Amino acid sequence: MGDNNQFKRALISAACSMAFAAAGSAHAANWLMLQGTEDPASASRAEVWGFIQAKYEQDFSDANANGQYVPPKLLGPELDSQDGFNINRARIGVRGTGFPLDSKINYFALLEMGNNGITHGNGAFAKLTDASITLNHIPGARVRAGLFKTPGSEEALQAIHVFDYINFTEGANGLLNERFPNKGYSGANVGPFTEAQLQGGSKLNTFNSPVGAFRDVGVQVFDAFDIGNDWELSYAAMVGNGNGIEFSNSDGEYDKYLYLSAEKKLDGGKGGRAHGLKFFGWGQWGSRQLDITDDTTANAITYDRNRAGLGVKYLKKPFRVTAEYIKAEGMIWVGPDKPTFIFTNAANGDGRNADAYSWYVEGGWYIPNTKWEIDARFDTMTRLEGQPSQHRFDKWTLGVQYHFNPKTRVTFNYEIRDFECNSGNSAGPACGNPNTNLQGVGDKVGVQLTAIF
Amino acid sequence: MAKIRSFFLVLASLLLTSAAAPTLAAEPSFADYKYVLHISDMDPFKQELILNNASNLLDAYGPGQVEVEIVAYGPGLRLMFAENVNAKRIDSLSQSGVKFAACGNTLKGMTKLMGSEPKLTPVAKVVPGGIVRIGELVKQGYIYVKP
Numbered sequence: 006m007g008d009n010n011q012f013k014r015a016l017i018s019a020a021c022s023m024a025f026a027a028a029g030s031a032h033a034a035n036w037l038m039l040q041g042t043e044d045p046a047s048a049s050r051a052e053v054w055g056f057i058q059a060k061y062e063q064d065f066s067d068a069n070a071n072g073q074y075v076p077p078k079l080l081g082p083e084l085d086s087q088d089g090f091n092i093n094r095a096r097i098g099v100r101g102t103g104f105p106l107d108s109k110i111n112y113f114a115l116l117e118m119g120n121n122g123i124t125h126g127n128g129a130f131a132k133l134t135d136a137s138i139t140l141n142h143i144p145g146a147r148v149r150a151g152l153f154k155t156p157g158s159e160e161a162l163q164a165i166h167v168f169d170y171i172n173f174t175e176g177a178n179g180l181l182n183e184r185f186p187n188k189g190y191s192g193a194n195v196g197p198f199t200e201a202q203l204q205g206g207s208k209l210n211t212f213n214s215p216v217g218a219f220r221d222v223g224v225q226v227f228d229a230f231d232i233g234n235d236w237e238l239s240y241a242a243m244v245g246n247g248n249g250i251e252f253s254n255s256d257g258e259y260d261k262y263l264y265l266s267a268e269k270k271l272d273g274g275k276g277g278r279a280h281g282l283k284f285f286g287w288g289q290w291g292s293r294q295l296d297i298t299d300d301t302t303a304n305a306i307t308y309d310r311n312r313a314g315l316g317v318k319y320l321k322k323p324f325r326v327t328a329e330y331i332k333a334e335g336m337i338w339v340g341p342d343k344p345t346f347i348f349t350n351a352a353n354g355d356g357r358n359a360d361a362y363s364w365y366v367e368g369g370w371y372i373p374n375t376k377w378e379i380d381a382r383f384d385t386m387t388r389l390e391g392q393p394s395q396h397r398f399d400k401w402t403l404g405v406q407y408h409f410n411p412k413t414r415v416t417f418n419y420e421i422r423d424f425e426c427n428s429g430n431s432a433g434p435a436c437g438n439p440n441t442n443l444q445g446v447g448d449k450v451g452v453q454l455t456a457i458f
Numbered sequence: 017m018a019k020i021r022s023f024f025l026v027l028a029s030l031l032l033t034s035a036a037a038p039t040l041a042a043e044p045s046f047a048d049y050k051y052v053l054h055i056s057d058m059d060p061f062k063q064e065l066i067l068n069n070a071s072n073l074l075d076a077y078g079p080g081q082v083e084v085e086i087v088a089y090g091p092g093l094r095l096m097f098a099e100n101v102n103a104k105r106i107d108s109l110s111q112s113g114v115k116f117a118a119c120g121n122t123l124k125g126m127t128k129l130m131g132s133e134p135k136l137t138p139v140a141k142v143v144p145g146g147i148v149r150i151g152e153l154v155k156q157g158y159i160y161v162k163p
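The listed protein sequences derive, respectively, from chains A and B.
Under my numbering, the first residue of the first sequence is numbered 6, with each subsequent residue one higher.
Under my numbering, the first residue of the second sequence is numbered 17, with each subsequent residue one higher.
Set out below in structure tokens:
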């Protein structure tokens, strides 16, 4: 009986918490809330903000036996050099509650002007990456509509300006940061190219569309609930076009997204670096159209593209530990090679319908009483799992960061990479050519300066 | 007859005044230092700043030595909305003796604009006019500060 009463009290308490979740409460690093809502009764009408990231990278990879290069040996998004400076992100945005007396409605807009996969695809000088409106009228069911980050992997969902590494894990880059097939088929082989060919204008990156940037255009219902003892439960359910940051739904199908997290709030930290222990799981289900027949007839076929993952993140300075696992089914790209259509052919793995998975573990140590931080990450991705052309991409990233102040830091990264086709017959027809090209993939070093304003 | 009419008018106005939302009485204060902090803009940083000011004043003087009242009007009234993210801190400051005065004129205007009266933190006392309240306090010897 006592237990029963306790259960009832817990239920009532949870219900009350849910009912009043719209009231202001300090959230841990809850990206759904940090990006989709504003502090009630204190948000600005229009808070202008943004950040700039400038970096220098050098890739120490060697060319293959024929003096040719493949994408992993070159710097993106141009993929035509092995060292250089880049303004990889320059974003400016505005957010707030347009009518500050009514804190039940807020908005968020962000424009990208850096040089990366978002702006490179269609040669745009600037590209809208976020433009959303959130309605907070229904207790427990906030509604966010527009273009914004989809609920999913922590690495993808977190604000990029607090991301602790220069480059994504291979899994986030290869399985989540979506590349979209070009509309028309082209049989033209793309690469590998020699240095002279690259300098002469040969292009390895010929995607027509920008990368998905972990975003979609649609509607999301979400909220976070304080369930007592400093635990917070969050959920998000979304429906979107499934076309990244592009505004169309040409296949007529919608992607569906689900996200759940439970986080224990810990003392300390603020905003995106609020302390906590978070467990999360998510799934995305969608489809894509692809024309792979070498003719002038438009005969695209629809393929499934599903992604799911789970993970945990702990942050309480001086320590941070994150681990994630991602599973992918369908639309497993080989890479920018032959970007109009290429997925590994049916005989070697059928990338359109194949599976892949990835995981990573990373940690950080904020050296007490200093402005220094040490980071280390191991990530691995297995592409075309169990197929003749199965590839494995292992990467160690060692990092050091110096925080000039809470909004300005410099990040040093050293990447040690081991990429290979490892299906068991590495010299066979499915792996021979890939391994010839991947041989020589070496270390990469980068320095990045981040300033948030 | 005119005297009787005047008497009833005065009586009625007194009744109306007392029937309005709870007001801060002009209580005599024996504190050595008295501060009135004024917020009238919507800047969220100002909201934090004014609460920091109040905390620092309490820390700087011994118990009973300082009297602090925060007066909000215009867009600054958002500080005293019940849903304000600083609500817990406001409650805590109130328990430490800080007084919060919300402008009745602003409240009326916001109610008209929004179609319903905004819910204020329970520790906020509505005064007929925020600007009038500041004047009264200054006349009583309060030091006026607008962060």
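Cβ coordinates follow ideal geometry from the N, Cα and C atoms, glycine included.
Since we're looking at a predicted model, the values are computed, not measured.
Inset, instruction - Give a yes or no on whether 8 Å exceeds the smallest Cβ distance from valine 139(B) to chain A. - result: Not an interface residue.
Legend entry - Residues of the region 210-240 of chain A with Cβ closer than 9 Å to any Cβ of chain B, in chain order: For the region 210-240 of chain A, there are no residues whose beta carbon sits under 9 Å from a beta carbon of chain B.
Inset, instruction - At 9 Å on the CB atoms, spell out the chain B contacts of proline 156(A), in chain order. - result: What proline 156(A) touches in chain B: nothing, since even the nearest Cβ is about 23 Å away.
Inset, instruction - Keeping to the same chain, check which residues put their C-beta closer than 7 Å to that of serine 86(A); ignore five residues upstream and five downstream. - result: Leu79 and Leu80, listed in sequence order.
Inset, instruction - Note down, in chain order, each residue of its chain lying with its Cβ closer than 6 Å to the Cβ of arginine 422(A), except the 5 sequence neighbours on either side. - result: Hits under 6 Å: Lys400 and Val446.
Legend entry - Coil, strand or helix - alanine 28(B) by DSSP: Reliability of the predicted coordinates at alanine 28(B) is poor, the pLDDT of 42 falling under 50, and no value is obtained from them.
Legend entry - Neighbour flag for phenylalanine 116(B) against chain A, beta carbons, 8 Å: Closer than 8 Å: no.
Legend entry - Cβ-based neighbour list, leucine 109(B), same chain, cut-off 6 Å, excluding 5 preceding and 5 following: Closer than 6 Å at Cβ, skipping near neighbours: Ala70.
Inset, instruction - Specify, as a first and last residue, the run of the beta strand (DSSP E) that glutamate 425(A) falls within. - result: Element bounds for glutamate 425(A): 413-426.
Legend entry - Beta-carbon spacing of glycine 281(A), alanine 34(A) below 8 Å: Yes, these two residues count as a Cβ contact at 8 Å.
Inset, instruction - Examine chain B for any beta-carbon lying closer than 8 Å to the beta-carbon of aspartate 272(A), and answer yes or no. - result: The C-beta of aspartate 272(A) comes no closer than 8 Å to any C-beta of chain B.
Legend entry - Spatial neighbours of glutamate 133(B) in its chain, beta-carbon cut-off 6 Å, leaving aside the 5 residues before and after: Cβ contact annotation for glutamate 133(B) (same chain, cutoff 6 Å, sequence separation greater than five): Thr127, in chain order.
Legend entry - Contact under 8 Å by Cβ, glycine 335(A) with serine 158(A): Going by C-beta atoms, glycine 335(A) is not nearer than 8 Å to serine 158(A).
Inset, instruction - Confirm, please, whether the CB-CB distance from leucine 389(A) to threonine 349(A) is below 8 Å. - result: Their beta carbons are under 8 Å apart, which means threonine 349(A) touches leucine 389(A) by this criterion.
Inset, instruction - Could you check how far apart the C-beta atoms of alanine 136(A) and alanine 114(A) are, in whole angstroms? I think they sit under 8 Å. - result: Yes, alanine 136(A) and alanine 114(A) are in contact; Cβ-Cβ is about 5 Å, under 8 Å.
Legend entry - asparagine 72(B): contacting residues in chain A (beta-carbon distance under 7 Å): Within chain A, no residue comes near asparagine 72(B); the closest Cβ sits about 20 Å away, beyond 7 Å.
Inset, instruction - Would you mind stating whether aspartate 48(B) and glutamine 81(B) have Cβ atoms separated by less than 8 Å? - result: In contact: aspartate 48(B) and glutamine 81(B) (Cβ atoms closer than 8 Å).
Inset, instruction - Would you mind sorting glycine 151(B) into buried or exposed? The rule is 16 or more other CB atoms within 10 Å of its CB. - result: Residue environment for glycine 151(B): exposed (fewer than 16 other C-beta atoms within 10 angstroms of its C-beta).
Legend entry - Anticipated Cβ contact below 8 Å, glycine 354(A) with glutamine 392(A), distance rounded: A Cβ-Cβ distance of about 3 Å is found for the pair glycine 354(A) and glutamine 392(A), placing them in contact under the 8 Å criterion.
Legend entry - Alpha-carbon spacing of leucine 84(A) relative to serine 363(A), whole angstroms: Looking at the two C-alpha atoms, the distance is approximately 24 Å.
Legend entry - Cβ-based neighbour list, leucine 74(B), same chain, cut-off 6 Å, excluding 5 preceding and 5 following: So the qualifying residues of the chain are Ser112.
Inset, instruction - Compute the Euclidean distance between the alpha carbons of histidine 396(A) and serine 66(A), then round it to the nearest angstrom. - result: Straight through space, the alpha carbons of serine 66(A) and histidine 396(A) are spaced by roughly 18 Å.
Inset, instruction - Please compile the residues from chain B whose C-beta is within a distance smaller than 7 Å of the C-beta of alanine 51(A). - result: What alanine 51(A) touches in chain B: nothing, since even the nearest Cβ is about 11 Å away.
Legend entry - glycine 274(A) and glutamate 258(A) closer than 8 Å at C-beta: No, these two residues do not count as a Cβ contact at 8 Å.
Inset, instruction - Please work out which residues of its chain come closer than 7 Å, Cβ to Cβ, to alanine 305(A), disregarding the five sequence neighbours upstream and downstream, and give them in chain order. - result: Scanning its chain for C-beta atoms nearer than 7 Å, with the 5 sequence neighbours on each side dropped, one finds around alanine 305(A) the residues Gln294, Leu295 and Asp296, in chain order.
Legend entry - Interface partners of glutamate 83(B) on chain A, CB under 9 Å: Those do not exist, as glutamate 83(B) stays about 26 Å from chain A at its closest Cβ, beyond 9 Å.
Inset, instruction - Quick one: measure Cβ to Cβ for lysine 412(A) and alanine 361(A), integer angstroms, because I've assumed they're closer than 8 Å. - result: That pair is no contact at about 36 Å.
Inset, instruction - Would you list the residues sitting across from serine 117(B) in a DSSP beta bridge? - result: One point to set straight first is that residue 117(B) is alanine, not serine, in the sequence displayed. Within the DSSP secondary-structure output, alanine 117(B) pairs in a beta bridge with Val87(B) and Lys141(B).
Legend entry - Beta-carbon proximity check, phenylalanine 398(A) vs phenylalanine 424(A), cutoff 8 Å: For the pair phenylalanine 398(A) and phenylalanine 424(A), the CB atoms are nearer than the 8 Å cut-off.
Legend entry - 8 Å Cβ shell around isoleucine 159(B) - same chain, five flanking residues per side excluded: Tyr49, Lys50, Tyr51 and Val52, listed in sequence order.
Legend entry - Residue burial classification, alanine 26(A) (beta-carbon count within 10 angstroms, cutoff 16): Note on alanine 26(A): pLDDT 38, under 50, position unreliable in the model; the coordinate value appears next. Counting C-beta atoms within 10 angstroms of its own C-beta, alanine 26(A) has 16 or more neighbours from the protein chains shown and is therefore classed as buried.
Inset, instruction - Report all residues from its chain with a CB closer than 7 Å to the CB of arginine 94(B); omit the five preceding and five following residues, and keep chain order. - result: If we look at arginine 94(B) and ignore the five residues flanking it on each side, its Cβ neighbours are Met58 and Asn100.
Inset, instruction - Just the chain A side, please: which residues come within less than 7 Å of asparagine 100(B) by C-beta, in chain order? - result: Result: Gly29, Pro45, Ala46 and Ser47.
Legend entry - Any C-beta of chain A under 8 Å from that of proline 144(B): No, its Cβ sits nowhere closer than 8 Å to a Cβ of chain A.
Legend entry - Contact under 8 Å by Cβ, serine 207(A) with leucine 37(A): Cβ atoms of serine 207(A) and leucine 37(A): not closer than 8 Å.
Legend entry - Other residues of its chain near valine 114(B): CB distance less than 8 Å, five sequence neighbours each side excluded: Ala70, Leu74, Val84, Glu85 and Ile86.
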